[in-house]
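A.B. asks: Residue numbers (the working numbering), protein chains in the order written: chain B, 50 to 304; chain W, 651 to 890.
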Amino acid sequence: MSLPPRRKRAIQTPASVGPIDLERAMTGNESALQMVLTGDPGLYAIVQLSLLVSISAVLFATVIGVPAGAALALVRFPGREAVTILLNAMMGLPPVVVGLAIFLLLSRSGPLGSWGLLFTPQAMVVAQTVMVAPIIAALTRQTIEDLWVDYRDELAAMAVGPVRRVATLVWDARFSLVTAFLAGFGRAAAEVGAIIIVGGNIDGFTRTMTTAIALETSKGDLPLAIGLGMILITIVIAINALAWIARRAGERYAG
Amino acid sequence: MRASASDLPVMLAEVKVVAGTVTILDDVSVTIAAGAPTILIGPNGSGKTTLLRVAMGLLAPTRGRIAWGGREAAPPKKRAIVFQRPVMLHRSAAGNVRYSLAAAGVPRAQRNDRVAELLMLVGLSDLGHRPARRLSGGEQQRLALARALARDPDILFLDEPTASLDPAATKAIEDIVRAVAARGVKVVMSTHDLGQARRLAGDIAMLHRGRLLENGPAAAFFAGPRTEEARRFIAGELLV
């Protein structure tokens, strides 16, 4: 009995596609590197949409999350601890569940179906806002509450009223809050579960870096997936570098 | 002329502060009038900090009454306090003083001049741009003094401002206290350093276990204390 002849090793992808030459995908003529370096328009349209969606989501989440977090830090009310625990838990919301919830909300027969937002970039912004707002709110609450414990006596001695108090705490915590925004952006930019459900990954309309990577990998178009992957990782590294710089600047200018 | 009525004298009548089962201040009645500094002495835990907080209006007594210039509800416009461990805002040294000026309602146009003047008074003119939290302990205490003086107070409460400072830093603080008192600001300062009390006091008030044992001119206090506890305290015995 003889074994079948040994074949060249290749990555096996879904049936229709056949084996893939990884080396060609990485460095060949139509390769990932080539696309990134030559500014392939399809690739950069996807990058642009991704950034637009995630940055919008972080802006909305900031508008919601910072006041909510500050209020939770400074206002005493019954059930405050439960809300805090819930908020901290929501930092780890599974993106697919958020996607599902927003899908149900926006689908044609859902409560907000008449807005016609499902499978639009706006729907993706909504989903990512829902994911990021708890992160920003929870980190804001922690930061503001710690600072308030620190400042309470001094501000009381200076007879600082409630409005100026909140403004002072948010302003003096600004360098720490930047870290919260960047953490939110990092999570939004890297998630795929929520936006693929509510956006639908429509080519040229709701296709983002993460959804494209998921799709192209399963289709076998590795160059695009790898190119996007490289850009995504670069962005994540840049975000962390920014967070680092913000913290250093905070230490330098504000102590 | 000052715009608002003076906060002096500060009158405490039968003030009692209870926290849980512990009586921190017990029937303290005292009148603090304008004049040379009143130094508040007594061992740790005798109630000095609590008395200062009550007199500042930061802590409502459990029983008893307090009035500033005859008014029982007076927002701390003309009072200022430097806590034992002052908290620096996350701003520059000048930013800390400027913040206090703004909180006190000093018009924006006057703030820069006042910041410079106050930093000069406490000897921090060269360090205005530094983050306040990067200053040394003594510098932070002086900055806290500048921040308190930014409120242009009638009365200034100081809670052991030299507790953890070396002699040079202590002297710097004492010099500022003298200068401030000479300008007519009433200083009420706690310490458990008897030497410091002798150097600065016009009046002495002595607390022990929440009770006000002595209250009167410093010379008389040091020459002939009325109570046994005060005599032992002056003699340097360990009063507990």
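From the three backbone atoms N, C-alpha and C, an ideal C-beta is built for every residue, glycine too. Note that the structure is a prediction, hence the values are computed from the model and not measured.
Does any residue of chain W bring its CB to less than 8 Å from the CB of MET207 of chain B?
C.D. replies: Indexing the first sequence from 1 puts residue 207 of chain B at position 158. By this cut-off, MET207 of chain B is an interface position.
A.B. asks: May I ask you to report which of helix, strand or coil DSSP gives GLU864 of chain W?
C.D. replies: Stepping through the second sequence from its first residue, residue 864 of chain W is reached at position 214. Of the three classes helix, strand and coil, the one that applies to GLU864 of chain W here is strand, per DSSP.
A.B. asks: Since I believe VAL660 of chain W is in contact with LEU675 of chain W (beta carbons under 8 Å), could you give me their beta-carbon distance rounded to a whole number of angstroms?
C.D. replies: One-based indexing of the second sequence puts residue 675 of chain W at position 25. One-based indexing of the second sequence puts residue 660 of chain W at position 10. Rounded to the nearest angstrom, the Cβ distance from LEU675 of chain W to VAL660 of chain W is 15 Å, too far for a contact under 8 Å.
A.B. asks: Would SER656 of chain W count as contacting chain B if we go by Cβ distances under 8 Å?
C.D. replies: Here residue 656 of chain W is taken as the residue at index 6 of the second sequence, counted from 1. Chain B, which has no Cβ nearer than 8 Å to the Cβ of SER656 of chain W, makes this no.
A.B. asks: Quick one: what's got a C-beta closer than 8 Å to LEU264 of chain B's C-beta in the same chain, skipping five residues either side?
C.D. replies: Here residue 264 of chain B corresponds to residue number 215 of the first sequence, with the count starting at 1. Closer than 8 Å at the Cβ level, and outside the excluded window around LEU264 of chain B, lie ASN250 and ARG256.
A.B. asks: Going by beta-carbon coordinates alone, are GLY114 of chain B and ILE185 of chain B separated by less than 8 Å?
C.D. replies: The residue given as residue 114 of chain B occupies position 65 in the first sequence. The residue given as residue 185 of chain B occupies position 136 in the first sequence. Yes; because the gap between Cβ atoms is below 8 Å, this pair is in contact.
A.B. asks: What is the C-beta distance between GLY707 of chain W and PRO726 of chain W, in whole angstroms, given that I count them as a contact (C-beta under 8 Å)?
C.D. replies: Position 57 of the second sequence, counted from the start, is the residue given in the question as residue 707 of chain W. Position 76 of the second sequence, counted from the start, is the residue given in the question as residue 726 of chain W. Indeed, because the Cβ distance is near 5 Å, the residues count as touching under 8 Å.
A.B. asks: GLY644 of chain W to ASN746 of chain W, Cα distance in whole Å?
C.D. replies: There is simply no residue 644 of chain W to check, as chain W begins at 651 and stops at 890 in what is shown.
A.B. asks: Please go through the segment 729-765 of chain W and give each complete alpha helix (DSSP H) segment of 4 or more residues, from N-terminal end onward.
C.D. replies: 743-753
A.B. asks: Whether or not the segment 734-751 of chain W and the segment 206-221 of chain B are in contact is what I'm after, with contact meaning three or more pairs of Cβ atoms, one per stretch, closer than 8 Å; do they touch?
C.D. replies: Yes, since at least three Cβ pairs between the segment 206-221 of chain B and the segment 734-751 of chain W fall closer than 8 Å, the two stretches touch.
A.B. asks: For TYR749 of chain W, count neighbouring C-beta atoms within 10 Å of its own C-beta (all shown protein chains included) and say buried if the count is 16 or more, exposed if not.
C.D. replies: For this step, residue 749 of chain W is matched to residue 99 along the second sequence. Buried: at least 16 other Cβ atoms inside 10 Å.
A.B. asks: Taking LYS727 of chain W as the query, report the chain B residues whose CB atoms sit under 8 Å from its CB, ordered along the chain.
C.D. replies: Taking the second sequence and counting its residues from 1, the one referred to as residue 727 of chain W is at position 77. Within chain B, the residues near LYS727 of chain W are ALA208.
A.B. asks: List the residues of chain W that GLU194 of chain B touches, going by C-beta distances under 9 Å, in chain order.
C.D. replies: In the first sequence, the residue the question calls residue 194 of chain B occupies position 145. The contacting residues do not exist; GLU194 of chain B stays about 15 Å from chain W at best.
A.B. asks: For a quick check, are the C-beta atoms of GLY118 of chain B and THR189 of chain B less than 8 Å apart?
C.D. replies: Within the first sequence, the letter at position 69 stands for residue 118 of chain B. Within the first sequence, the letter at position 140 stands for residue 189 of chain B. In contact: GLY118 of chain B and THR189 of chain B (Cβ atoms closer than 8 Å).
A.B. asks: Can you name the start and end residues of the beta strand (DSSP E) that TRP197 of chain B belongs to?
C.D. replies: Stepping through the first sequence from its first residue, residue 197 of chain B is reached at position 148. Segment 170-206 is the alpha helix (DSSP H) holding TRP197 of chain B; no beta strand (DSSP E) there.
A.B. asks: Just to check my reading of the structure: GLU864 of chain W and ALA873 of chain W have Cβ atoms closer than 8 Å, yes? What is that Cβ distance to the nearest angstrom?
C.D. replies: Your numbering for residue 864 of chain W matches position 214 in the second sequence. Your numbering for residue 873 of chain W matches position 223 in the second sequence. Distance from GLU864 of chain W to ALA873 of chain W at the Cβ level is roughly 12 Å; contact not present, criterion being Cβ atoms closer than 8 Å.
A.B. asks: Using a Cβ cut-off of 8 Å (strictly closer), state whether VAL737 of chain W contacts chain A.
C.D. replies: Included in the structure are the protein chains B and W, with no chain A among them.
A.B. asks: Using alpha carbons as the reference points, say which of B:ARG214, B:LEU161, B:ILE288 and B:VAL247 lies closest to ALA238 of chain B.
C.D. replies: Position 189 of the first sequence holds residue 238 of chain B. Check the Cα spacing between ALA238 of chain B and each of B:ARG214, B:LEU161, B:ILE288 and B:VAL247: the tightest is with B:ILE288.
A.B. asks: From what residue to what residue does the beta strand (DSSP E) around SER679 of chain W run?
C.D. replies: Within the second sequence, numbered from 1, the residue matching residue 679 of chain W stands at position 29. It spans 672-682 - the beta strand (DSSP E) in which SER679 of chain W sits, taken as one unbroken run.
A.B. asks: Using the beta-carbon count (16 or more within 10 Å), is ILE689 of chain W buried or exposed?
C.D. replies: On the second sequence, residue 689 of chain W is found 39 positions in, with the first residue counted as 1. ILE689 of chain W comes out buried.
A.B. asks: Does GLU12 of chain B get closer than 8 Å to chain W when you measure Cβ to Cβ?
C.D. replies: Here chain B has residues from 50 to 304 only, and residue 12 of chain B is not among them.
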